[in-house]
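To start, the structure under review is shown below, and the notes come after it.
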Amino acid sequence: MSTTTSPAPGRAGLWALTATHGANDFYTGAVAALLPFFVLHARYTYAAVAGVTLAATALSSVAQPIFGHLSDRFGMPWMSLAGLLTAGIGVALSGLVSESYPAVWIVIAVSGIGVAAYHPAATMEARRAGGGTSGAMSLFSVGGNLGGALAPSAVILVVGRFGLNGTALLVIPAVVFGLVYAAVSWRHLFSATGATAAIGRATATQHQAGDDWRAFGWLTLVLATWSITFVGTSTFVSLYAIQRFGTSPEFASIALSVFPAAGAAGTLAGGWLADRFGRLRVVRTGYLLAALSTGAIVLAPTPAVVIVATAALGVSLFVPFAAQITLSHSYLPGRIGVASGITLGLTLSLGGVVSPLLGEIADHGGVRWVFVILAVLVTAGFALAFILKERRITARAAVDPDSDELSEKAGA
Numbered sequence: 001m002s003t004t005t006s007p008a009p010g011r012a013g014l015w016a017l018t019a020t021h022g023a024n025d026f027y028t029g030a031v032a033a034l035l036p037f038f039v040l041h042a043r044y045t046y047a048a049v050a051g052v053t054l055a056a057t058a059l060s061s062v063a064q065p066i067f068g069h070l071s072d073r074f075g076m077p078w079m080s081l082a083g084l085l086t087a088g089i090g091v092a093l094s095g096l097v098s099e100s101y102p103a104v105w106i107v108i109a110v111s112g113i114g115v116a117a118y119h120p121a122a123t124m125e126a127r128r129a130g131g132g133t134s135g136a137m138s139l140f141s142v143g144g145n146l147g148g149a150l151a152p153s154a155v156i157l158v159v160g161r162f163g164l165n166g167t168a169l170l171v172i173p174a175v176v177f178g179l180v181y182a183a184v185s186w187r188h189l190f191s192a193t194g195a196t197a198a199i200g201r202a203t204a205t206q207h208q209a210g211d212d213w214r215a216f217g218w219l220t221l222v223l224a225t226w227s228i229t230f231v232g233t234s235t236f237v238s239l240y241a242i243q244r245f246g247t248s249p250e251f252a253s254i255a256l257s258v259f260p261a262a263g264a265a266g267t268l269a270g271g272w273l274a275d276r277f278g279r280l281r282v283v284r285t286g287y288l289l290a291a292l293s294t295g296a297i298v299l300a301p302t303p304a305v306v307i308v309a310t311a312a313l314g315v316s317l318f319v320p321f322a323a324q325i326t327l328s329h330s331y332l333p334g335r336i337g338v339a340s341g342i343t344l345g346l347t348l349s350l351g352g353v354v355s356p357l358l359g360e361i362a363d364h365g366g367v368r369w370v371f372v373i374l375a376v377l378v379t380a381g382f383a384l385a386f387i388l389k390e391r392r393i394t395a396r397a398a399v400d401p402d403s404d405e406l407s408e409k410a411g412a
């Protein structure tokens, strides 16, 4: 099957996409960083702030696979840009309407929908630009880690200086990096051939390799444990330090900043290790170390140890990240957008859906019990990872499935 395709974004496009990923996930991190300030300044309960996390993820969890299907069917590379701007506007409005909890819930939900629109389209473009390797995907992913790492400092800066009304300034990253990406990839973003190319790529790939939904289902379960651990840590680690050790919000936010920063290092290392030693080995090792790190948070005798253990958790939890994304693409080669939407959306957003339950546990039993539960869950993820199997597609086919160089390798 031969289809005229729009040019791949290229190396400059990959770096620009990485920057927009940082801006997009900055807003996910900003929501988590705003939670202690909603507790202190707007008098929200733990259950209420967990509900804010739910707002950011509930609709997003449903929308991302839908946006993924649309990306597979119609292309729409511009959707990443529209999603980024929507995510930024929603978070920017949250502090301005903080006196009304329903209003906060709505604007944060809108931001979550923006995040949902961004991920499938951007991940597809990053995959094309990087040839489908775990290393290239780790570069794209680390942009999100860095954006999340910078979010707490930015939130403290603007909220500390201007109060919750300062969240209006948080729209700046979306505008700046959105313009940069548009300047670098303008022709590709709005190419008239993008939709036709997407249809051709999806149809050809599905015909030649086939989709392994069973393997993808097991990967989804593994990612569900990852999601709850990630969102639970992002939501409660600073509150844990405050409740258990009486630290200030400023000190507690160090753990929240360290977590995604360490995750960035883990993502880069994980992509390289997966290409060198195999994806499954990296996934299993990462989950084992994450289980040990979560246990260290539970047993930490001082707030300093909490920060160190949180850093270790960030590294180990993100080491498998790029490998999991490329595995999802290998399992569903005919539906790359759907695979991206589910792995980056539905499963990852599950943590937000579960977070109100974790909030209730924190309100009634203490935040420490949240991390006991997370330790058990990530251990379950480690066990489930042994069910996964390897399946590979050539790098050339990742960029252009119509090249007839698609191949697969399956094994335990």
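Residue numbers (the UniProt record's numbering): 1 to 412. Think of the CB as a built atom: it goes at the ideal place given N, C-alpha and C, for glycine as much as any other residue. These numbers come from a predicted model, not from an experiment.
**Prompt:** Counting Cβ pairs, one atom from each stretch, are 3 or more of them under 8 Å apart for the segment 22-38 and the segment 140-147?
**Reply:** yes
**For Arg43, the three-state DSSP class (helix, strand or coil)** = coil
**Request:** From the DSSP output, in three-state form, read off residue 416 for me.
**Result:** Only positions 1 to 412 of the chain appear in this structure, which leaves residue 416 out of reach.
**Best match in Ala383, Tyr287, Phe37 and Leu358 for proximity to Val372 [C-alpha to C-alpha]** = Leu358
**Prompt:** How long is the line joining the alpha carbons of Ala33 and Ala121, rounded to whole angstroms?
**Reply:** 26 Å
**Request:** Please confirm if the segment 305-321 is in contact with the segment 350-370, defined as three or more CB-CB distances below 8 Å between the two stretches.
**Result:** no
**Request:** Take every Cβ of the segment 172-185, pair it with every Cβ of the segment 55-68, and state whether three or more of those distances are shorter than 8 Å.
**Result:** no
**Request:** Assign Glu99 to one of two classes, buried (16 or more other C-beta atoms within 10 Å of its C-beta) or exposed (fewer than that).
**Result:** exposed
**Prompt:** According to DSSP, is Val283 helix, strand or coil?
**Reply:** helix
**Request:** State yes or no: is the C-beta of Leu269 within less than 8 Å of the C-beta of Ala375?
**Result:** In the sequence on display, residue 269 carries Ala and not Leu. No. Outside cutoff.
**Prompt:** Relative to the C-alpha of Leu299, which residue among Val370, Thr267 and Ser355 is closest?
**Reply:** Val370
**Prompt:** What are the start and end residues of the alpha helix (DSSP H) that includes Asn145?
**Reply:** Ser134 to Phe162
**Item:** Unbroken alpha helix (DSSP H) run spanning Asp212, endpoints
**Value:** Careful: Asp212 lies outside any alpha helix (DSSP H) and carries neither H nor E.
**Item:** CA-to-CA distance, Val91 to residue 446, given in whole angstroms
**Value:** For the chain, the structure presents residues 1 to 412; residue 446 sits outside this window and is missing.
**Message:** I'd like to know whether the C-beta atoms of Trp226 and Gly88 end up nearer to each other than 8 Å.
**Reply:** no
**Request:** Can you say whether Ser248 is buried or exposed, counting buried as having 16 or more other CB atoms within 10 angstroms of its CB?
**Result:** exposed
**Item:** Distance between Asn24 and Val283 (C-alpha atoms, nearest Å)
**Value:** 25 Å
**Asked** Does DSSP put Arg368 in a helix, in a strand, or in coil?
**Response** helix
**Asked** Taking just the CA atoms, how far does Leu223 sit from Glu390?
**Response** 16 Å
**Asked** Just the Cα atoms here: how many angstroms apart are Gly341 and His119?
**Response** 7 Å
**Prompt:** Thinking just about the alpha-carbon of each residue, which of Arg276, Leu35, Arg279 and Thr233 is nearest to the one in Gly263?
**Reply:** Thr233
**Prompt:** Taking the continuous alpha helix (DSSP H) assigned at Val305, which residues delimit it?
**Reply:** Pro303 to Phe318
**Asked** Using a Cβ-Cβ cut-off of 6 Å (strictly less than) and excluding sequence neighbours within five positions of Asp212, which residues of its own chain qualify?
**Response** Tyr331
**Cβ neighbours of Leu157 in the same chain (closer than 7 Å, five flanking residues each side left out)** = none
**Message:** Please report the straight-line C-alpha distance between Val116 and Ala309, rounded to a whole angstrom.
**Reply:** Per the sequence shown, residue 116 should be read as Ala rather than Val. So the two alpha carbons sit approximately 30 Å from each other.
**Asked** What are the boundary residues of the alpha helix (DSSP H) that includes Ala323?
**Response** Phe321 to Tyr331
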